[in-house]
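Chains as they are written, first to last, in numbering that gives the first Met the number 0: chain A, 0 to 338; chain B, 0 to 338.
Note that beta-carbon positions come from the ideal geometry of N, C-alpha and C, so glycine has one too.
2 protein chains.
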Amino acid sequence: MTTTLKDISKEAGVDVATVSRALNGSYGVHKATRERVLAVAKRLNYRANLTARELAVGKSHTLGLLVPDIGNPFVTEVVRGAEDAAYAAGYHILLCNSYLDSAREVQYMRSLLDKRVEGILMHSVQTLSNTEVEELSNSEIPVVLLCRSPSASNFSGVCVNHFEGGVLAGEHLMELGHRKVAFLSGPRDHGNFIEQGKGFIKAVTSVKDSAPPVVLNGPPSFDGGYQLAKKLLEQNHGVTAIFAANDVSAFGIGRAIFEAGLSIPDDISLIGFNNVELANVVRPPLTTIHQPKYEMGQAAVEILLGLAKSGRLGVPEQREFGVRLVKRSSTSAPPKKSR
Amino acid sequence: MTTTLKDISKEAGVDVATVSRALNGSYGVHKATRERVLAVAKRLNYRANLTARELAVGKSHTLGLLVPDIGNPFVTEVVRGAEDAAYAAGYHILLCNSYLDSAREVQYMRSLLDKRVEGILMHSVQTLSNTEVEELSNSEIPVVLLCRSPSASNFSGVCVNHFEGGVLAGEHLMELGHRKVAFLSGPRDHGNFIEQGKGFIKAVTSVKDSAPPVVLNGPPSFDGGYQLAKKLLEQNHGVTAIFAANDVSAFGIGRAIFEAGLSIPDDISLIGFNNVELANVVRPPLTTIHQPKYEMGQAAVEILLGLAKSGRLGVPEQREFGVRLVKRSSTSAPPKKSR
DNA sequence: CTGAAAGCGCTAACAG
DNA sequence: CTGTTAGCGCTTTCAG
Numbered sequence: 000m001t002t003t004l005k006d007i008s009k010e011a012g013v014d015v016a017t018v019s020r021a022l023n024g025s026y027g028v029h030k031a032t033r034e035r036v037l038a039v040a041k042r043l044n045y046r047a048n049l050t051a052r053e054l055a056v057g058k059s060h061t062l063g064l065l066v067p068d069i070g071n072p073f074v075t076e077v078v079r080g081a082e083d084a085a086y087a088a089g090y091h092i093l094l095c096n097s098y099l100d101s102a103r104e105v106q107y108m109r110s111l112l113d114k115r116v117e118g119i120l121m122h123s124v125q126t127l128s129n130t131e132v133e134e135l136s137n138s139e140i141p142v143v144l145l146c147r148s149p150s151a152s153n154f155s156g157v158c159v160n161h162f163e164g165g166v167l168a169g170e171h172l173m174e175l176g177h178r179k180v181a182f183l184s185g186p187r188d189h190g191n192f193i194e195q196g197k198g199f200i201k202a203v204t205s206v207k208d209s210a211p212p213v214v215l216n217g218p219p220s221f222d223g224g225y226q227l228a229k230k231l232l233e234q235n236h237g238v239t240a241i242f243a244a245n246d247v248s249a250f251g252i253g254r255a256i257f258e259a260g261l262s263i264p265d266d267i268s269l270i271g272f273n274n275v276e277l278a279n280v281v282r283p284p285l286t287t288i289h290q291p292k293y294e295m296g297q298a299a300v301e302i303l304l305g306l307a308k309s310g311r312l313g314v315p316e317q318r319e320f321g322v323r324l325v326k327r328s329s330t331s332a333p334p335k336k337s338r
Numbered sequence: 000m001t002t003t004l005k006d007i008s009k010e011a012g013v014d015v016a017t018v019s020r021a022l023n024g025s026y027g028v029h030k031a032t033r034e035r036v037l038a039v040a041k042r043l044n045y046r047a048n049l050t051a052r053e054l055a056v057g058k059s060h061t062l063g064l065l066v067p068d069i070g071n072p073f074v075t076e077v078v079r080g081a082e083d084a085a086y087a088a089g090y091h092i093l094l095c096n097s098y099l100d101s102a103r104e105v106q107y108m109r110s111l112l113d114k115r116v117e118g119i120l121m122h123s124v125q126t127l128s129n130t131e132v133e134e135l136s137n138s139e140i141p142v143v144l145l146c147r148s149p150s151a152s153n154f155s156g157v158c159v160n161h162f163e164g165g166v167l168a169g170e171h172l173m174e175l176g177h178r179k180v181a182f183l184s185g186p187r188d189h190g191n192f193i194e195q196g197k198g199f200i201k202a203v204t205s206v207k208d209s210a211p212p213v214v215l216n217g218p219p220s221f222d223g224g225y226q227l228a229k230k231l232l233e234q235n236h237g238v239t240a241i242f243a244a245n246d247v248s249a250f251g252i253g254r255a256i257f258e259a260g261l262s263i264p265d266d267i268s269l270i271g272f273n274n275v276e277l278a279n280v281v282r283p284p285l286t287t288i289h290q291p292k293y294e295m296g297q298a299a300v301e302i303l304l305g306l307a308k309s310g311r312l313g314v315p316e317q318r319e320f321g322v323r324l325v326k327r328s329s330t331s332a333p334p335k336k337s338r
């Protein structure tokens, strides 16, 4: 049987309240009493029951993390940051993978609420219906959205300026001398990719003799990038550089380029987005736009904890992080002879 | 304010017990009553408080997952399997990254216990001290260890036969005609790598004219593999094939080979272990030994849930999965001219 | 089918 | 410094 405060109280001959005090706060308990209690507790293999404490105190010391898939290297980094911040603050994290299945997302969201988590960190959740948004709002627990355009709602959010990232990528390619480039984007209706594209196009078209980028849309995955790149290569636009929706799709693009018998960056330059760990591991190391993922995860938890403490849910907090260009070996000047 | 059963009971003019019954079990509540209760609940935005329920029922419907780092691609797959199985069973998962920091491991282990999780899934935890093992045993909650030699303890476990994996790798290289090979292993005292090495050596030395493998030890990471391979290449044993401790270290080895101006598999064949997602993404695609990671994660929570239900903690369950060779492009016959 | 009552294990005033 | 008294919100006998 698991031993409780009551068991200890009997054994030690003091009230359970005293036992509780002896075990937790160090205030107002006679040293001798405390020691006796501690001894008994140890002898009886006492383990605090946090469930009971949570109920009594009304705080779960737990956060919910709702993401599409921890296997996604971007998510992984964010989760690391979030987990570290939570651990440092004495909080636990409930992991929920949705695989972008909206039924699963909703179910997880509800059970997190029922479990009385003190905050929810969500990453790229499918569109929440109004009902769900309302449920979340009614719940009075803080929510922070990752990588969502600030406009989206009255939830808090931490993100990066995707437009700026697009600009950086475009400028980099222009500086290298490319004049015919492509943006292999994600889904046509996804805000972040749209912003990214806008920035890229702006940077590219602001150079006199540069053609407007070829833009293709598809899933921002390895295979999505692979397919898109194959299509692009077939269409034969004579593109000398490609900006990918993200690093993972860039890896797929790289594969397609390789299979076409071309080489990076000699024939085609390639630039990604996110700067996932792998970007520096693949060959050639991928030039990309860095997003401070770990810090974003940390920040998200900080915001959550702050809101949970203050209870000022009315005033959501938005935090935007900067991006920067990470030059590696997948980009260079365009080949001399045109293809 | 958050509404409780009591609020509903007042509004609906029935006892809280009835409300509870109406909301949960469908047994024994008049239809009209139930509907009235449900209506009131909805109107008041009622949310069940699982913390309270857990306390009353004595079950948390939560599992703890203690791993070194979800960023590790092997762990990622296991976690996916575990999470899916947990979700399917209506269980939640508490994520704990230890980064192999044993203080953090212990602290997490204790708080999981205090939180009354119904089971703990641990992966490659630093050596637990006797105290901790005892704490775990006393807790009477099931534990399953991943990838630990079955001998280790009286906890349950799911693993793969590393010896067998080593044999497969060795045989494959022998069949291709290699006669001078190396095993770039992990830490010298780690059971799995030892087994893996034994199997490999057995397969290699059972071929007449084959030299016993060169064995080097180091951290089984990207950089670890990189360093080890550099060292191996410098020592210039004339090795024509390398068996890596795992895929990630194989990637590092690949980098070193590349930097040495050699090519895979033309100059040196390379074979990994685990078959992580990336193995098929890198260039050239990595030949490796497959471990059913997802299934292992699933199996682990099945075992946990089974033990939790039966309460038969005395009889830990061991499940061993099979390995298999996945031939890809990083292995081929040795070069004709010796180097 | 429904109500009353007890209790899960712990905390938190409030007295003393 | 310590005991008493109420709960936290829900489930679960046990009656009726």
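For residue i, which residues from the same chain have a beta carbon less than 8 Å from its beta carbon, with the 5 sequence-adjacent residues on both sides left out?
i: Lys5/B; result: Val15
i: Leu43/A; result: Thr2, Asp6, Ile7 and Glu10
i: Val18/A; result: Leu4, Ile7, Ser8, Ala11, Val36 and Ala40
i: Leu49/A; result: His60
i: Glu163/B; result: Gly198, Gly321 and Val322
i: Tyr107/A; result: Gly63, Leu65, Cys95 and Ser97
i: Leu175/B; result: Ala240, Ser268, Thr330, Ser331, Ala332 and Pro333
Just to confirm, are residue i and residue j a CB contact at a threshold of 7 Å?
i: Ser331/B; j: Ser262/B; result: no
i: Arg178/B; j: Asp208/B; result: yes
i: Ala202/B; j: Asp113/A; result: no
i: Pro284/A; j: Arg327/A; result: yes
i: Pro212/A; j: Gly185/A; result: no
i: Gly271/B; j: Thr287/B; result: yes
i: Pro141/A; j: Ala249/A; result: no
i: Pro72/A; j: Val281/A; result: no
i: Val143/B; j: Leu120/B; result: yes
i: Asn191/A; j: His171/A; result: no
i: Val251/B; j: Gly224/B; result: Correcting the residue identity first, residue 251/B is Gly in this sequence and not Val. Yes, the pair counts as a contact, with Cβ atoms nearer than the cut-off.
To the nearest angstrom, report how far apart residue i and residue j are at their CA atoms.
i: Ala168/B; j: Ala243/A; result: 37 Å
i: Asp246/B; j: Asn23/B; result: 48 Å
i: Phe320/B; j: His29/A; result: 56 Å
i: Ile193/B; j: Asn273/B; result: 15 Å
i: Pro333/B; j: Ile256/B; result: 15 Å
i: Tyr293/B; j: Glu301/B; result: 12 Å
i: Tyr45/B; j: Glu34/B; result: 14 Å
i: Arg103/B; j: Ala81/A; result: 16 Å
i: Gly310/A; j: Tyr26/A; result: 27 Å
i: Arg147/A; j: Asn137/A; result: 21 Å
i: Phe221/B; j: Thr130/B; result: 34 Å
i: Thr101/A; j: Ser155/B; result: In the sequence as presented, Thr is not what sits at residue 101/A; that position holds Ser. Cα to Cα, the separation comes out at about 35 Å.
Enumerate in chain order the residues of its own chain whose CB-to-CB distance from residue i is below 7 Å, with the five nearest sequence positions on each side excluded.
i: Ser337/A; result: Note that Ser337/A scores 48 on pLDDT, short of 50, meaning its location in the model is unreliable; the coordinates nonetheless yield the value given after this. Result list for Ser337/A: Gly237, in chain order.
i: Gln226/B; result: Gly217
i: Asn153/A; result: Pro315
Excluding the 5 residues flanking residue i on each side, which residues of the same chain have their C-beta closer than 6 Å to its C-beta?
i: Phe199/B; result: Gly165, Ala168, Gly169, Phe182 and Phe242
i: Ala85/B; result: Leu62, Ile92 and Val300
i: Arg20/B; result: Val28
Can you list the residues of chain A that residue i reaches, using a CB-CB cut of under 7 Å?
i: Val18/B; result: The contacting residues do not exist; Val18/B stays about 16 Å from chain A at best.
i: Val280/B; result: Phe221 and Phe250
i: Val325/B; result: Ordered by position in chain A, no residue passes the 7 Å Cβ test against Val325/B, which lies about 18 Å from the chain.
i: Asn274/B; result: Per Cβ cutoff of 7 Å: no residues; Asn274/B is ~14 Å from chain A at best.
Throw me the rounded Cβ distance for the residue i and residue j pair, which I believe falls under 8 Å.
i: Val74/B; j: Asp68/B; result: 6 Å
i: Ser97/B; j: Leu65/B; result: 6 Å
i: Ala299/A; j: Val157/A; result: 5 Å
i: Leu348/B; j: Glu139/B; result: No statement about residue 348/B is possible, as the shown extent of chain B runs from 0 to 338 and does not include it.
i: Ala259/A; j: Leu232/A; result: 5 Å
i: Leu62/B; j: Gly118/B; result: 5 Å
i: Val180/A; j: Ala240/A; result: 4 Å
Residues of chain A with CB under 8 Å from residue i, in chain order?
i: Thr75/B; result: Ile69, Gly70 and Thr75
i: Thr50/B; result: Thr50, Glu53, Leu54, Ser59, Lys114 and Arg115
i: Asn153/B; result: Ordered by position in chain A, no residue passes the 8 Å Cβ test against Asn153/B, which lies about 18 Å from the chain.
List, in chain order, every chain A residue whose beta-carbon is nearer than 9 Å to that of residue i.
i: Val78/B; result: Ile69, Gly70, Leu94 and Asn96
Mind listing the chain B neighbours of residue i? Cutoff is C-beta to C-beta under 8 Å, in chain order.
i: Glu10/A; result: Within chain B, no residue comes near Glu10/A; the closest Cβ sits about 17 Å away, beyond 8 Å.
i: Ala47/A; result: Asp113
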